[in-house]
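Only one structure is covered here, and it is reproduced in the block below.
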Amino acid sequence: MSFRRLLRTLFPPLFKIPAKKPDGGLIAHMIVRRYSRGNANLQRGRYITADQLELRKRRLASHNF
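Each residue of the sequence shown is one higher than the one before, starting from 1 at the first, in our numbering.
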């Protein structure tokens, strides 16, 4: 156990730290993690959804190179 983790365990913060992902994202992450056997990138959450991919395509299409 790292020193920081030990300190956080012994002395919890006085305010709530917001999660990085919303609950829906966490549920999706756990589902992908469960069914992605052998693919470390998917298990670690390195994936994008179809909506995120479409948004990225639109941004790249409008970019001037």
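Note that CB positions come from ideal geometry on N, CA and C, so glycine has one too.
What number of angstroms, rounded off, separates the C-alpha of K57 from the C-alpha of T49?
-> So the alpha carbons of these two residues sit roughly 12 Å apart.
On the three-state DSSP scale, how would you describe I48?
-> coil
Going by beta carbon distance, what residues of the same chain come within less than 7 Å of G45, once the five residues before and after it are set aside?
-> H29
Determine the direct distance from the alpha carbon of A40 to that of F15, and round the result to whole angstroms.
-> 34 Å
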